[in-house]
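K.L.:
One structure is given below, represented as structure tokens, and several questions about it will come after.
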Amino acid sequence: MIYTQPKLPYANDALQPVISSETIDYHYGKHEKAYIDNLNNLIKGTEFEDDELEDIIRRAEGPLFNNASQAWNHIFYFFSFSPDGGGEPSGELGQAIKEQFGSFESFKDKFVEEGTKIFGSGWVWLARDEAGKLFILPRSNAGNPLTEGLTPILVFDVWEHAYYLDYQNRRADYLRRLFDIVDWDIVESRY
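Positions in the sequence shown are counted from 1; adding 4 to them yields our numbering.
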């Protein structure tokens, strides 16, 4: 199987001013492409050659895990946004957030806090278990809730390359602004 980088569902400048076109060009255009290219090279001739990406993430280790998970994480991240995004989730996800975190604002505060506390690079996830319980999971490096038997719902990238061009060292500002472009229809469909 050869993995290919999907085309973004919006123009590279569509998420401005939250994420600049320069960041999209670099982050998705070059950085994400490198993970996919590395993944394709690493699976050649291995037991993972015909596996789905999620299965590779659940079973692989070392460089193969890192590249597979980073490829998947970045796609999941970029496909969570829309130039028409923002607002609050509704339906079952909106209700679950209010029940488990007290309010949508409390959830956002906790999500930003957990993302800000990650030392170095990583991801802050919203994931659910089989019963629908939600978890905010800060994970270092290529961490992914799939390895824990959980279903990812939303993720924000806290690697410096995700925000440094636009926010320098202001990670919390970047995380809070991302809520202005979240496509809650997509996120709710994952719940």
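Ideal Cβ placement from N, Cα and C applies to all residues, glycine included.
1) Return the Cβ separation of residue 57 and residue 7 in integer angstroms, given the expectation that the two are a contact with Cβ distance under 8 Å.
2) Less than 8 Å between C-beta atoms, sequence neighbours within five positions excluded: which residues of the same chain meet that for residue 136?
3) Could you tell me the boundaries of the alpha helix (DSSP H) in which residue 61 lies?
4) Quick one: what's got a C-beta closer than 8 Å to residue 112's C-beta in the same chain, skipping five residues either side?
5) Using CA coordinates, which residue listed in 32, 148, 63, 35 is at the minimum distance from residue 47?
6) So, is residue 65 buried or exposed, given that buried needs 16 or more other C-beta atoms within 10 angstroms?
7) According to DSSP, is residue 157 part of a helix, a strand, or is it coil?
8) Along the chain, where does the alpha helix (DSSP H) containing residue 47 start, and where does it finish?
9) Would residue 188 and residue 159 qualify as a contact pair, given that the criterion is a beta-carbon distance under 9 Å?
10) Measuring CA to CA, which of 186, 191, 193, 192 is closest to residue 88?
11) For residue 121, which residues in the same chain have their Cβ closer than 7 Å to its Cβ, ignoring the five residues on either side in sequence?
P.N.:
Let me lay it out:
1) That pair is a contact at about 7 Å.
2) Same-chain partners within the cutoff: 96, 100, 195.
3) Segment 57-63, the alpha helix (DSSP H) holding residue 61.
4) Excluding sequence neighbours, residue 112 sits near 180, 183.
5) Out of 32, 148, 63, 35, 63 has the C-alpha closest to the C-alpha of residue 47.
6) Residue 65 should be labelled exposed.
7) Taken through DSSP and simplified to helix, strand or coil, residue 157 comes out as strand.
8) Taken as a continuous stretch (DSSP letters only), the alpha helix (DSSP H) holding residue 47 covers 37-47.
9) With respect to the 9 Å criterion, residue 188 and residue 159 are not classified as neighbours on the basis of their beta carbons.
10) For the set 186, 191, 193, 192, the Cα lying nearest the Cα of residue 88 is the one of 186.
11) Contacts found: 142.
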